[in-house]
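Quick notes on the structure that follows.
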Amino acid sequence: MLATLDRQLRPLCYRYWQMVIDPRDVMLQRLLVDAGIASGMRVLDLGCGYGKVSAMLSRIVGPSGSVTGVDRDPSAIEVARRSAASQGLTNTRFQVTALESLAETSLEGPFDAAVARRVFMYVPDPVAALLAVKGQVRAGGVVVLQEQDTSMVPVASAPLPLHRRVHEWVWTMVEREGANVRFGLALPSVFARAGLSLEELRVEAVAQTASRRLPTADMVRAVMARIVAQGVATEAEIDVDTLDQRLEAELTVSGASFVGDVVFGAWGRVS
Ligand SMILES: C[S@@+](CC[C@H](N)C(=O)[O-])C[C@H]1O[C@@H](n2cnc3c(N)ncnc32)[C@H](O)[C@@H]1O
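If you want my numbering, it's the position in the sequence shown, counting the first as 1, plus 1.
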């Protein structure tokens with residue numbers, strides 16, 4: 002009876018954990034709050050994508066604050082606008098803008114803070130982009146970046162060949178697309194060269210076990226066309242419809258823990 006209940010509840014619990022309290026969002030929320038993002042602030046969300054970070058910021062700054070999301074991808078901005086409207090986030094606005102053209106863009110700044118998650122690793126000249134960002138933030142304002150870094154991962158407490166293969170598919174694809182997948186470690190030097198005083202640099206990771214897994218197969222499904230286009234793996238090799246089951250089985254049978262996500266968080270102040 003208890004075993005049956007456990008079998009039924011466990012998948013629901015980890016689905017809930019993934020959807021409601023994604024640990025990567027928890028790390029970001031903590032970084033933002035520790036960096037001083039607070040009620041009433043005017044915040045610029047750089048490379049906002051579909052607006053997930055903007056929505057988090059919107060809730061932190063509240064109705065007396067505001068969030069401006071910018072991204073170079075017009076289709077992402079469309080999704081971000083629709084998503085914010087459906088959540089009733091009236092303190093957010095979105096604009097198509099590349100970081101490289103921020104200096105010539107008129108936004109409703111200066112902002113109290115600028116934030117970016119998983120964006121600068123894709124930018125060919127991050128120092129120039131950060132200099133342009135500084136121009137949009139008031140003196141004393143804060144710039145907060147959170148970026149992935151694969152220098153230390155994947156690591157596991159037992160051999161997990163499928164987990165390692167999936168990690169390699171994703172990160173080889175990202176690297177072949179031109180991203181710097183070791184950008185986290187470069188953050189202090191990028192801040193220094195952009196003349197931003199680094200106040201904090203932290204490293205956090207997500208440890209997965211059989212009962213606490215990330216929705217890796219969903220993520221692979223979302224980027225499968227890019228993995229195939231970069232010649233990293235074929236659809237048949239990925240076999241995305243059975244991927245989640247196979248990943249879960251690998252962790253369950255081995256009883257192992259796996260770390261594939263390491264993020265660096267940093268903030269600095271504009272003088
Ligand atoms: C991995 S997504 C992250 C989206 C969002 N920050 C999040 O964490 O959910 C990277 C985003 O950065 C945007 N991006 C990359 N380079 C950019 C640039 N030079 N200027 C503006 N946006 C950029 C992409 O279009 C994409 O939406």
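We put the beta carbon where it would ideally sit given N, CA and C, even for glycine. The model shown is predicted, which means the values in this text are computed figures rather than measured ones.
Run the proximity test for Leu108: is its beta-carbon closer than 7 Å to any non-hydrogen atom belonging to ligand 3? Among the ligands in the structure shown, ligand 3 does not appear; only ligand 1 can be found there.
Which of helix, strand or coil DSSP assigns to Gln209: strand
Out of curiosity, what's the CA-to-CA distance linking Val224 and Val171? 8 Å
Any beta carbon from chain B within less than 8 Å of Glu109's own beta carbon? In summary, chain B is missing from the structure at hand, where a single protein chain is found.
Roughly how many angstroms separate the alpha carbons of Gln19 and Arg222, rounded to a whole number? In this predicted model, Gln19 has a pLDDT of only 49, less than 50, meaning its place in the structure is not dependable; the value taken from the coordinates is given anyway. C-alpha separation (whole angstroms): 16 Å.
Alpha helix (DSSP H) containing Leu197: first to last residue? It is not in any alpha helix (DSSP H) - Leu197 carries neither H nor E in the DSSP assignment.
Taking Val271 as the reference, which of Ala140, Met42 and Arg119 has the closest Cα? Ala140
Which residue or residues does DSSP assign as beta-bridge partners of Gly141? Answer is none; Gly141 lacks a bridge partner.
Between the C-alpha atoms of Tyr51 and Pro160, what's the straight-line distance to the nearest angstrom? 35 Å
Kindly indicate which three-state DSSP category Ser67 falls into: helix, strand or coil? strand
When every heavy atom of ligand 1 is checked, does at least one fall within less than 7 Å of the C-beta of Arg118? yes
Uninterrupted beta strand (DSSP E) stretches inside the stretch 99 to 138 (no shorter than 3 residues): 112 to 118
Could I get the ranges of all uninterrupted alpha helix (DSSP H) runs contained in the stretch 156 to 181, with 4 residues as the minimum, in chain order? 162 to 177
Asp126 to Thr98 span [Cα, whole Å]: 16 Å
Output the distance between the C-alpha atoms of Leu132 and Glu249, rounded to the nearest integer angstrom. 44 Å
Inter-residue Cα distance where the pair is Val229 and Thr235: 5 Å
If we require 4 or more residues per run, which alpha helix (DSSP H) segments fall completely within the stretch 215 to 248? 217 to 230 and 236 to 239
CA-CA distance, Arg177 and Val120? 16 Å
C-alpha gap between Leu32 and Gln137, whole angstroms: 21 Å
What residues in its chain sit with their C-beta under 7 Å from that of Leu188, if we drop five residues either side in the sequence? Leu146, Glu148, Leu202, Phe265 and Ala267
Taking Asp150 as the reference, which of Leu90, Gly232, Ala226 and Ala180 has the closest Cα? Ala180
Report the option in Phe184, Asp35 and Glu200 whose CA atom is closest to the CA atom of Met153. Phe184
From the DSSP output, read off the bridge partner residues of Thr93. Val68
Indicate, with yes or no, if ligand 1 has a heavy atom lying under 7 Å from the CB of Asp74. yes
DSSP bridge partner residues for Gly52 (one or two, in chain order): Partner(s): none; Gly52 has no beta bridge.
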